[in-house]
Amino acid sequence: ILVSVLLIFSNQSPSNGVQKAILGKSVGDFALPDLDDQTIQLSDYKGNYVLLNAWATWCPPCRAEMPDLNEFYRKHQDKDFEILAINAGESRDVAAQFSETLGLEFKILLDIDGKVLHSLGITGFPTSILIDPEGNVAVIHIGMIFPEDLNNKVLPYLNK
Numbered sequence: 002i003l004v005s006v007l008l009i010f011s012n013q014s015p016s017n018g019v020q021k022a023i024l025g026k027s028v029g030d031f032a033l034p035d036l037d038d039q040t041i042q043l044s045d046y047k048g049n050y051v052l053l054n055a056w057a058t059w060c061p062p063c064r065a066e067m068p069d070l071n072e073f074y075r076k077h078q079d080k081d082f083e084i085l086a087i088n089a090g091e092s093r094d095v096a097a098q099f100s101e102t103l104g105l106e107f108k109i110l111l112d113i114d115g116k117v118l119h120s121l122g123i124t125g126f127p128t129s130i131l132i133d134p135e136g137n138v139a140v141i142h143i144g145m146i147f148p149e150d151l152n153n154k155v156l157p158y159l160n161k
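Take the sequence shown: its letter number 157 is residue 158 in the numbering used here, and every next letter is one higher.
Below is the structure:
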């Protein structure tokens, strides 16, 4: 019995079981606080398409893509679609001020210690990962995501 328990725990990765993003595979689950200090879990959105967006205010392409992400979210949030923008290690105040300045309507999550982003295998910013309704990775986009990327890579899933 002890061996079974040890095997179960040895297969758990640090951040609540989150795993590296690989196309067609599950990333597991994670929980992070949002700007209102509510705990948001990826599994809360099972059954929806979720675009995870790794970003930081010090990253010029991250800053540049946010208005396009917000516009895309505004147009498609009624299609069981969510954006969870995971801030890389900045304070709540910095992320909140940025979000308020741009009038962002999607959820901003805070990964203060960077463990979730590290566990997802994110090594560059911005990075966007589309999670399908079953919790599997449908798209990985590294670098700034432009409106044509959203229309060509994400929208076809939302129109299924």
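Positions of the beta carbon are idealized from the N, C-alpha and C atoms, including for glycine. Since the structure is predicted, the reported quantities are computational estimates derived from the model, not experimental observations.
- Within the same chain, D81, F82, E83 and P134 come within 8 angstroms of N49 by CB-CB distance, once the 5 residues on both sides are set aside.
- Going by DSSP, V138 is part of no alpha helix (DSSP H) but of the beta strand (DSSP E) stretching over V138 to I143.
- Residue pairing by DSSP places E83 opposite V51 in a beta bridge.
- Annotation: Q39 to G18 spans about 20 angstroms, alpha carbon to alpha carbon.
- Bridge partners of D112 according to DSSP: A89.
- Counting along the chain, no alpha helix (DSSP H) covers A32; the unbroken beta strand (DSSP E) around it starts and ends at A32 to P34.
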